[in-house]
Amino acid sequence: MDTPKEILLKDYKKPDYLFDTVDLRFQLDEDKTIVSSKIAVLPRIEGVSCPLVLHGHDLKLLSIKVDGKDLKKEEFQLDMRQLTLASPPTSAFTLEIVTEIYPQNNTSLEGLYKSSGNFCTQCEAEGFRKITFYQDRPDVMAKYSCRIEADKTLYPVLLSNGNLIEHGGLEDGKHYALWVDPFKKPSYLFALVAGQLESRDDTFVTRSGRKVSLRIWTPSHDVPKTAHAMYSLKSAMKWDEEVFGLEYDLDLFNIVAVPDFNMGAMENKSLNLFNSKLVLASPETATDADYAAILGVIGHEYFHNWTGNRVTCRDWFQLSLKEGLTVFRDQEFSSDMGSRTVKRIADVSRLRNYQFPQDAGPMAHPVRPHSYIKMDNFYTVTVYEKGAEVVRMYKTLLGSSGFRKGMDLYFKRHDGQAVTCEDFFAAMRDANDADLSNFLLWYSQAGTPYVKVTSSYDPDAHTYTLRFSQEVPPTPGQPVKEPMFIPVAIGLLDSSGKDMPLTTVYNDGMMQTITSNNQPVSTTVLQVKKKEEEFVFSDIPERPIPSVLRGYSAPVRLDSDLTDSDLLFLLAHDSDEFNRWEAGQVLARKLMLSLVADFQQKETLVLNPKFVDGIRSILCNSTLDKEFIAKAITLPGEGEIMDMMAVADPDAVHAVRSFIKKQLALQLKKEFLATLIDNRNSGPYVFNHHDMALRALKNTSLAYLASLDEPELTELALHEYKSATNMTEQFAALTAIAQNPGQVRDDVLSDFYSRWQHDFLVVNKWFALQAMSDIPGNVVNVQKLLNHPAFDLRNPNKVYSLIGGFCGSPVNFHAKDGSGYKFLGEIVLQLDKLNPQVASRMVSAFSRWRRYDETRQTLAKAQLEMIMSANGLSENVYEIASKSLA
Ligand code: ZN
Numbered sequence: 001m002d003t004p005k006e007i008l009l010k011d012y013k014k015p016d017y018l019f020d021t022v023d024l025r026f027q028l029d030e031d032k033t034i035v036s037s038k039i040a041v042l043p044r045i046e047g048v049s050c051p052l053v054l055h056g057h058d059l060k061l062l063s064i065k066v067d068g069k070d071l072k073k074e075e076f077q078l079d080m081r082q083l084t085l086a087s088p089p090t091s092a093f094t095l096e097i098v099t100e101i102y103p104q105n106n107t108s109l110e111g112l113y114k115s116s117g118n119f120c121t122q123c124e125a126e127g128f129r130k131i132t133f134y135q136d137r138p139d140v141m142a143k144y145s146c147r148i149e150a151d152k153t154l155y156p157v158l159l160s161n162g163n164l165i166e167h168g169g170l171e172d173g174k175h176y177a178l179w180v181d182p183f184k185k186p187s188y189l190f191a192l193v194a195g196q197l198e199s200r201d202d203t204f205v206t207r208s209g210r211k212v213s214l215r216i217w218t219p220s221h222d223v224p225k226t227a228h229a230m231y232s233l234k235s236a237m238k239w240d241e242e243v244f245g246l247e248y249d250l251d252l253f254n255i256v257a258v259p260d261f262n263m264g265a266m267e268n269k270s271l272n273l274f275n276s277k278l279v280l281a282s283p284e285t286a287t288d289a290d291y292a293a294i295l296g297v298i299g300h301e302y303f304h305n306w307t308g309n310r311v312t313c314r315d316w317f318q319l320s321l322k323e324g325l326t327v328f329r330d331q332e333f334s335s336d337m338g339s340r341t342v343k344r345i346a347d348v349s350r351l352r353n354y355q356f357p358q359d360a361g362p363m364a365h366p367v368r369p370h371s372y373i374k375m376d377n378f379y380t381v382t383v384y385e386k387g388a389e390v391v392r393m394y395k396t397l398l399g400s401s402g403f404r405k406g407m408d409l410y411f412k413r414h415d416g417q418a419v420t421c422e423d424f425f426a427a428m429r430d431a432n433d434a435d436l437s438n439f440l441l442w443y444s445q446a447g448t449p450y451v452k453v454t455s456s457y458d459p460d461a462h463t464y465t466l467r468f469s470q471e472v473p474p475t476p477g478q479p480v481k482e483p484m485f486i487p488v489a490i491g492l493l494d495s496s497g498k499d500m501p502l503t504t505v506y507n508d509g510m511m512q513t514i515t516s517n518n519q520p521v522s523t524t525v526l527q528v529k530k531k532e533e534e535f536v537f538s539d540i541p542e543r544p545i546p547s548v549l550r551g552y553s554a555p556v557r558l559d560s561d562l563t564d565s566d567l568l569f570l571l572a573h574d575s576d577e578f579n580r581w582e583a584g585q586v587l588a589r590k591l592m593l594s595l596v597a598d599f600q601q602k603e604t605l606v607l608n609p610k611f612v613d614g615i616r617s618i619l620c621n622s623t624l625d626k627e628f629i630a631k632a633i634t635l636p637g638e639g640e641i642m643d644m645m646a647v648a649d650p651d652a653v654h655a656v657r658s659f660i661k662k663q664l665a666l667q668l669k670k671e672f673l674a675t676l677i678d679n680r681n682s683g684p685y686v687f688n689h690h691d692m693a694l695r696a697l698k699n700t701s702l703a704y705l706a707s708l709d710e711p712e713l714t715e716l717a718l719h720e721y722k723s724a725t726n727m728t729e730q731f732a733a734l735t736a737i738a739q740n741p742g743q744v745r746d747d748v749l750s751d752f753y754s755r756w757q758h759d760f761l762v763v764n765k766w767f768a769l770q771a772m773s774d775i776p777g778n779v780v781n782v783q784k785l786l787n788h789p790a791f792d793l794r795n796p797n798k799v800y801s802l803i804g805g806f807c808g809s810p811v812n813f814h815a816k817d818g819s820g821y822k823f824l825g826e827i828v829l830q831l832d833k834l835n836p837q838v839a840s841r842m843v844s845a846f847s848r849w850r851r852y853d854e855t856r857q858t859l860a861k862a863q864l865e866m867i868m869s870a871n872g873l874s875e876n877v878y879e880i881a882s883k884s885l886a
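Spelled out as structure tokens, the structure:
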């Protein structure tokens with residue numbers, strides 16, 4: 001293959017042509033679909049002639065006309081990826097193009113494709129070019145109409161963006177619908193659905209009195225499972241009005257659930273498409289985690305209507321402009337709907353377990369990347385989650401009302417436009433007259449900053465000094481970095497554990513008053529901007545214990561001189577609940593790393609009794625939120641620990657984590673049993689914080705207990721499994737039992753399958769649970785499951801559960817005999833023929849191969865090289881594999 005071309009941010013040029021209106025007509029059929037498009041084109045600079053380049057991929061061109069006249073052969077040029085009109089008219093003209101496509105053969109799930117017999121589309125980022133020839137880039141915004149024609153019995157429901165203007169019957173058992181979207185939009189927000197669907201209908205009245213029809217579409221038997229999705233949608237609509245003053249802008253909002261979908265969901269204007277697993281839920285089939293994910297993602301896609309659709313991205317490098325901001329918005333929404341602290345803990349854990357490793361590996365890229373080969377590869381935890389942290393920092397620096405002013409100005413300036421991350425920054429800055437000096441570096445520098453803080457107390461002067469130093473590690477293409485602008489939220493605890501009142505701080509010889517309404521504050525945000533910097537608090541009567549980076553105020557790795565007893569003190573007293581959890585995590589990370597060293601030295605592992613006491617006191621503290629307790633007694637993930645090691649050792653980390661888990665279970669058996677019994681809840685399933693907290697704590701206790709593999713505890717887990725009335729508890733019990741190989745495990749797994757084989761979303765959980773197992777030699781079992789009748793390589797959810805699940809299991813994927821690597825290498829090539837986006841996600845599991853020992857390096861590298869040498873490799877997989885080897 002030709003070496004794929006890298007696209008660079010610095011090469012951005014405005015489009016030469018503007019598209020005013022686009023009228024589409026789809027003639028959907030079983031063997032082919034005909035797409036006719038009529039575009040009102042305008043040269044950006046009138047009177048200047050230049051070529052018009054249209055993107056197009058896998059399209060059969062049937063005809064092309066300018067102002068009603070067929071173009072002659074020599075007037076256009078067609079190649080693999082584009083259609084070029086050498087010298088179109090220099091003033092407004094109409095372009096008419098007819099193409100033929102084959103959605104029934106489209107396994108990439110990009111463009112127009114079929115899922116369970118229904119037609120649907122996915123256009124972000126560059127899928128519209130698989131439907132028709134177009135300037136397929138987000139800064140070309142046009143008003144669309146869409147006429148759909150299809151067989152009336154096979155496809156009774158015909159949907160597109162905007163409003164339904166007209167519909168009716170046609171000859172030969174066909175019918176049609178005409179949709180018109182009054183808002184201009186980029187092509188990536190276009191959507192069409194045709195099929196046998198039924199809807200749950202509801203209405204929402206906006207605060208200005210607009211009555212909006214809400215419809216959630218699924219195959220008819222799934223309609224009962226859309227109640228939670230509808231609740232989530234209405235809650236999101238209300239929340240956005242209350243918190244951001246943003247209202248919905250059309251009379252209709254549609255959501256369609258699709259079983260075959262590469263990503264989570266898509267924010268197409270007024271016609272969101274969702275992966276079924278993020279819509280369908282019932283207490284019997286979905287867990288609390290599923291319910292929470294649905295709430296968050298329904299919110300996310302709805303919030304895109306303003307942050308993404310009304311104001312969109314100029315180019316794909318700006319993706320975080322819409323995604324970082326919208327993730328931040330959905331995080332805030334979920335926080336307000338449940339527990340803020342618990343949500344924050346979950347989000348920070350995700351950042352640490354997935355984004356930190358990415359930021360430290362060969363695929364490290366800034367929140368706004370500088371280059372890409374396939375944009376699909378840049379829908380990453382860095383663009384999304386780190387991007388959300390960047391948005392959160394504006395709020396931390398400007399305060400809630402300052403942040404809101406910035407948002408208001410952003411919409412005032414840019415509604416209807418395609419803009420950049422600088423535009424967002426400028427709105428925040430200008431609305432607040434803020435000095436945000438080098439804040440923009442967060443968008444351009446990759447790598448997780450490493451921040452070190454040390455402290456000293458002067459008992460005579462009553463001053464307390466915090467000294468910060470920062471370092472941003474080198475990343476591919478960025479060997480040297482500038483210091484970043486890091487907001488560090490600080491509180492100081494006195495010896496009784498209370499927050500000290502803070503009034504003044506000196507920085508750079510300048511005094512800053514930090515009171516609020518003339519009152520001392522308990523938390524202040526320090527602006528750390530230099531490589532080394534010092535802050536001196538005055539009027540500090542005794543040596544404090546500092547609570548640094550409260551609420552995780554910046555996405556950095558923090559190292560401090562806090563002792564274990566300081567950390568235990570913070571764990572017991574910090575008024576900032578996030579940092580309270582964090583103190584426990586810092587202790588746990590230290591402990592795990594030191595036990596890993598012991599394990600590697602073949603020493604006997606011994607668990608520090610102080611740690612056990614710390615966990616006991618959290619577990620038995622009846623004043624704490626129960627979901628918080630569940631989080632606080634959960635050890636840091638294996639990925640997080642491996643990420644902190646010079647050479648990642650999956651066997652050692654896994655052995656240590658299992659050891660601590662079992663030790664805690666053994667030493668706190670009585671407490672865990674009592675907690676389990678106290679937190680049983682016999683009432684019906686309700687999705688609310690209170691009940692979820694009970695279930696979380698009960699299930700965490702059960703997982704600890706079952707790890708002991710004692711007959712009476714296995715019996716207990718079996719009892720929980722059999723008596724469970726909801727999937728959260730049933731699956732937690734199954735997971736607890738499945739920790740230990742043996743007959744009980746095998747029996748319960750097969751019982752679970754036979755109960756749920758009719759429900760493919762539940763079956764995916766069953767696949768994932770087995771795939772992630774740490775049972776030695778599990779690759780053989782996963783290999784077998786590939787041939788299970790319920791498995792299908794063409795369905796992304798199944799691939800993510802079985803293959804993705806397996807790659808997430810450190811011990812088996814990284815098995816020293818290379819069996820895990822070989823398994824993945826072969827599967828990636830098979831997948832790549834069907835669906836490059838999914839293959840590329842899977843191949844990413846190899847990207848950090850250099851982090852492991854030499855034996856593993858050699859084995860993983862061999863697989864990457866094998867992949868690279870394959871014929872007809874997609875650009876998606878090529879990009880990840882080649883960058884991983886570079
Ligand atoms: Zn999004």
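Per the UniProt record's numbering, residue 1 is the first one in the sequence shown, and the count goes up by one each step.
We put the CB at the ideal spot given by N, CA and C, even for glycine.
Where does the unbroken alpha helix (DSSP H) through residue i begin, and where does it stop?
i, result
"Lys784", "Val779 to Leu786"
"Ile677", "Lys669 to Asp678"
"Val180", "Run containing Val180: none in the alpha helix (DSSP H); it sits in the beta strand (DSSP E), Lys174 to Val180."
"Lys858", "Here residue 858 turns out to be Thr, not Lys, going by the sequence shown. Taken as a continuous stretch (DSSP letters only), the alpha helix (DSSP H) holding Thr858 covers Glu854 to Met868."
"Cys421", "Cys421 to Asn432"
"Lys412", "Gly387 to His414"
"Met842", "Pro836 to Val843"
When the Cα of residue i is compared with those of the options, which residue comes out closest?
i, options, result
"Thr94", "Leu18, Lys73, Pro103 and Gln82", "Leu18"
"Thr504", "Val528, Asp539, Gly497 and Gln527", "Asp539"
"Ala554", "Met393, Gln27 and Trp316", "Met393"
"Lys225", "Ala418, Thr285 and Ile618", "Thr285"
"Ser565", "Phe328, Leu558, Leu587 and Asp201", "Leu587"
"Ser809", "His654, Asp415 and Gly173", "His654"
"Ser276", "Lys72, Ala229, Thr312 and Phe537", "Ala229"
"residue 913", "Asp559, Leu493 and Ser371", "Outside the shown range of the chain, which is 1 to 886, sits residue 913, and nothing can be said about it."
"Lys798", "Phe823, Phe599, Leu769 and Lys816", "Leu769"
For the beta strand (DSSP E) containing residue i, name the first residue and the last one.
i, result
"Leu761", "Note, Leu761: premise wrong, no beta strand (DSSP E); alpha helix (DSSP H) at Phe760 to Ala771."
"Ala597", "No beta strand (DSSP E) contains Ala597, which is instead part of the alpha helix (DSSP H) from Glu577 to Gln600."
"Glu247", "Glu247 -> no beta strand (DSSP E), and no H or E assigned at all."
"Tyr457", "Tyr450 to Asp458"
"Ile490", "Ile486 to Leu493"
"Leu214", "Lys211 to Thr218"
Under the assumption that residue i contacts residue j (Cβ atoms under 8 Å), give the Cβ distance between them as a whole number of angstroms.
i, j, result
"Lys269", "Asn161", "4 Å"
"Gln82", "His55", "6 Å"
"Tyr248", "Asn305", "7 Å"
"Glu96", "Lys65", "4 Å"
"Leu570", "Ile545", "6 Å"
"Lys529", "Ser437", "7 Å"
Please classify residue i: does DSSP put it in a helix, a strand, or coil?
i, result
"Ser335", "helix"
"Asn272", "strand"
"Ala738", "coil"
"Arg543", "coil"
"Val828", "helix"
"His167", "strand"
"Phe537", "strand"
"Asp151", "strand"
Every unbroken beta strand (DSSP E) within the stretch 50-97, with a cutoff of 3 residues, ordered by chain:
52-55, 60-66, 76-78 and 82-85
Could you tell me which whole alpha helix (DSSP H) segments of length 4 or greater appear in the stretch 288-322?
288-303
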